[in-house]
Amino acid sequence: MPVAKPTAIAKSITLELKDLILGKKVEIDIDCDAACLQCLGVGKVFVATEPCSSCGGTGMFTRNEPGIQMRMTCAQCQGSGKGQNPCEPCSGNGTRKVKQPLKINIPPGFPLGSQLRQQIDPGLVLLVNVDTVLPPDTEIYEEGRVVRTIRLTYPQLILGTTITTPLLEGGTTNIKIPPRIDLGQLIRLKGKGLVKSPMGSIKDRTDLFLLIELMSVDLTTTTPTLNNEFIDKETVLLEQLDALYNSVITQPSST
Ligand SMILES: [Zn+2]
Ligand SMILES: [Zn+2]
Numbered sequence: 005m006p007v008a009k010p011t012a013i014a015k016s017i018t019l020e021l022k023d024l025i026l027g028k029k030v031e032i033d034i035d036c037d038a039a040c041l042q043c044l045g046v047g048k049v050f051v052a053t054e055p056c057s058s059c060g061g062t063g064m065f066t067r068n069e070p071g072i073q074m075r076m077t078c079a080q081c082q083g084s085g086k087g088q089n090p091c092e093p094c095s096g097n098g099t100r101k102v103k104q105p106l107k108i109n110i111p112p113g114f115p116l117g118s119q120l121r122q123q124i125d126p127g128l129v130l131l132v133n134v135d136t137v138l139p140p141d142t143e144i145y146e147e148g149r150v151v152r153t154i155r156l157t158y159p160q161l162i163l164g165t166t167i168t169t170p171l172l173e174g175g176t177t178n179i180k181i182p183p184r185i186d187l188g189q190l191i192r193l194k195g196k197g198l199v200k201s202p203m204g205s206i207k208d209r210t211d212l213f214l215l216i217e218l219m220s221v222d223l224t225t226t227t228p229t230l231n232n233e234f235i236d237k238e239t240v241l242l243e244q245l246d247a248l249y250n251s252v253i254t255q256p257s258s259t
């Protein structure tokens, strides 16, 4: 018998970034053929009220040879003598498509955009394309640097604040933003990025950078009354602030 080439089953799964960093056991369903339980793989069901069309209901064939009489079981009804119909659930195939759960193991430090290859048995290979959902406002750059945009209000930029930001491996961390931080400044969280080498140690990771940007206040989500109140108060404060700035910036022209 010729050796059959292994069949490959391709599947795609989508995982969170933390699952690639920490690793995860995932259960997926694969489609496979299984014997039909209704007909036990025979592909037909017996009908007691009708005789077998092949043997006429006797379940046997008799062959007469000179000096010997041979009795053989009817292959079609397997000796039962009953008539048969094709099995409905399997359409007479004897097999049905079933989903079989299969456990796969995503090792820690699994590289982004990679394919997992798992040999199920000598004739079957499972190829799993692993897609990743990145946390909001997070991008990945060359050499695995991870940059997350943090939007602060103008007062927060000037006065400083403490923010809570999610970690790539799950959980959150509190970060103190110093007063008078510049727009576009990067705050480095050392070793909080991606695992450096494929399937490497989660202790050896790239850095996560927080990129400071200005938050624009969305007034469309509030009521018109609140909007007007906000704009009026903000205008008064900004005019005061403008005057304060001008008192510092404008240099006296004489003396
Ligand atoms: Zn069946
Ligand atoms: Zn028969």
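Residue numbers for the sequence shown follow our numbering, beginning at 5 and rising by one.
The beta-carbon is built from N, C-alpha and C at its ideal position, and this holds for glycine as well.
Exercise for review: Compute the minimum distance between the beta carbon of Ser58 and the heavy atoms of ligand 2, and state whether it is under 7 Å.
Suggested key: yes
Check your understanding: Whose C-beta lies closer than 6 Å to the C-beta of Thr142 among residues of the same chain, with five residues either side of it excluded?
Key -> Arg152
Check your understanding: In whole angstroms, what is the alpha-carbon distance linking Met185 and Thr226?
Key -> Reading off the sequence, residue 185 comes out as Ile, not Met. Those two C-alpha atoms are separated by around 29 Å.
Check your understanding: So, is Ile3 buried or exposed, given that buried needs 16 or more other C-beta atoms within 10 angstroms?
Key -> This structure cannot settle anything about residue 3, because the visible part of the chain is limited to 5 through 259.
Practice item. Kindly indicate which residue of Ser220, Val137 and Leu212 has the alpha-carbon position closest to the one of Glu20. Key: Val137
Review point. If we ignore side chains and look at the alpha-carbon of each, how far apart do Lys86 and Ala39 end up?
Key: 22 Å
**Study point:** Residue(s) in a DSSP beta bridge with Asn232
**Key:** Partner(s): none; Asn232 has no beta bridge.
**Study point:** For Val150 and Val132, the rounded distance between their alpha carbons
**Key:** 25 Å
Check your understanding: Measuring CB to CB, does Asn178 end up less than 8 Å from Thr168?
Key -> yes
Review point. Within the present structure, is the beta-carbon of Gln82 separated from the nearest heavy atom of ligand 4 by less than 7 Å?
Key: Here the bound small molecules are ligand 1 and ligand 2; ligand 4 is not part of this structure.
Practice item. Just list the beta strand (DSSP E) runs in the stretch 199-249, keeping only unbroken ones of 3 residues or longer that don't cross its boundaries, in chain order. Key: 212-218
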